[in-house]
Amino acid sequence: RKFWALLQARWAEMFGSYQEWQAARVRARANRQINGESGQGLFGNLLRWRNLNPDQQVRYFYLTTLQRAEKAGIPRRSAETPLQYAPRLLEQLRQHVIAREEDEGEQKEVDKGSPTTSQQGGRSGTRRDGEILPSSATTSEVSDEELAAQLENAQAVQELTEAFVRVRYAGQSTQPDTVPYLKGLWDKVKKQLRRWR
């Protein structure tokens with residue numbers, strides 16, 4: 729029994745180490761591709777990316793999205809599945825879009841320099857002692873642009889996550905004609921994560 733238990737423990741340790749090594753290898757390769765450390769520059773990365781098969785491209789899109797999100801301060805937790813992480817990432821992106829729009833609205837009010845109450849667009853405030861007080865409409869209004877950005881982000885993150893789960897966990901193959909669509913979604917998420925910084 730002791731021998732069997734020892735053998736099982738060694739096997740689990742060896743198999744776990746292999747999985748950790750594989751994950752670290754994939755992350756390191758994706759980091760090199762993102763940072764252009766291969767010595768071939770952006771053109772070399774683009775050529776290598778194009779040479780991946782469709783399933784590998786989906787993995788690349790998802791893993792690089794995870795890395796960008798981590799750099800933006802929204803890392804995936806160690807025990808969090810992709811389907812659990814996606815809603816949390818979406819919520820963080822949604823809050824960032826709203827905060828950015830509110831900041832831009834407040835900046836426009838400050839740029840106007842109007843010492844009186846302004847009623848333009850419902851995003852007005854009263855100036856008292858040099859301070860602009862936002863109206864209650866500022867925090868409750870969501871512009872069409874904000875809503876569109878939120879919906880685009882939600883769709884992009886959800887579809888990229890589902891494609892990754894299908895490839896990684898369900899073992900389904902990605903059709904080559906869907907890769908350009910997924911790349912477009914990936915570009916949208918990258919753009920949003922770049923704005924986060």
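Residue numbering for the sequence shown follows the numbering used here, beginning at 729 and increasing consecutively.
C-beta: ideal position from N, C-alpha, C; glycine also.
Restricting attention to 823, 755, 889 and 898, the CA atom closest to the CA of residue 920 is found in 823. Judged by beta-carbon spacing, residue 885 lies beyond the 7 Å limit of residue 907, meaning their Cβ atoms are not closer than that value.
Pairing residue 893 with residue 902 gives a Cβ-Cβ distance that is not under 7 Å.
Here residue 804 is near residue 813, since their CB atoms are less than 7 Å apart. Classified as exposed, residue 809 has fewer than 16 neighbouring CB atoms from the shown chains inside 10 Å of its CB. It is roughly 41 Å from the alpha-carbon of residue 882 to the alpha-carbon of residue 739. Of the candidates 811, 915, 794 and 817, the residue whose Cα lies closest to the Cα of residue 756 is 794. Going by C-alpha positions, residue 781 is about 18 Å away from residue 753.
Inclusion of residue 792 and residue 758 in the CB contact set at 7 Å is warranted, their separation being smaller than that value.
The residues 907, in chain order, have a CB closer than 6 Å to that of residue 785 in the same chain once the five nearest residues on each side in sequence are set aside.
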